[in-house]
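Numbering (the working numbering), first residue to last: 57 to 215.
Even glycine gets a Cβ: it sits at the ideal position worked out from N, Cα and C.
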């Protein structure tokens, strides 16, 4: 295979990984997963959920073979001003025509009991379950190098 073909194939693969994915009228964009250290037994996924329908929906569950448990999580400040992570059993609402960001320091998908380290550049499969849109399998790249605001986009004009 020539260098040009390798470059074209690699570029195409990157474009597909960055392309939005759909379940019904729910679109997933800018997804990535990371762990805090190479030997961590926990990791988290971050992404943008966009609802293109005229009805509210909700992300109610996530699952993956990479971890013993997968939960929907958020950060909350306790009475002493300490930030704590906790499960969000009711899930994350995605308003009609709106979006919900799963981002560092906020709502996210938490992986507990990772079976193997999350290696930079690898992809993991995560199954997202929505109240109305149903089930969506998403391949999410592992990106330990991303900065907290990297990939942040203005979605005001997305259609």
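Where the beta strand (DSSP E) containing residue i begins and where it ends
| i | result |
| --- | --- |
| residue 200 | Note, residue 200: premise wrong, no beta strand (DSSP E); not H, not E. |
| residue 160 | Looking at the DSSP string, residue 160 is not in any beta strand (DSSP E), and its letter there is neither H nor E. |
| residue 119 | 113–119 |
| residue 85 | 82–90 |
| residue 108 | Counting along the chain, residue 108 falls outside any beta strand (DSSP E), and DSSP gives it neither H nor E. |
| residue 172 | No beta strand (DSSP E) contains residue 172, which DSSP labels as neither H nor E. |
Cβ-based burial, residue i [other Cβ within 10 Å; buried from 16]
| i | result |
| --- | --- |
| residue 136 | exposed |
| residue 156 | buried |
| residue 203 | exposed |
| residue 104 | buried |
| residue 198 | buried |
Beta bridge counterpart(s) of residue i as assigned by DSSP
| i | result |
| --- | --- |
| residue 195 | 181 |
| residue 126 | 167 |
| residue 100 | 90 and 166 |
| residue 143 | 129 |
| residue 190 | 186 |
> Does the region 92–100 come within contact of the region 190–197, defined as at least 3 CB pairs closer than 8 Å?
Replying inline: No: the two stretches stay apart, fewer than three of their Cβ pairs being nearer than 8 Å.
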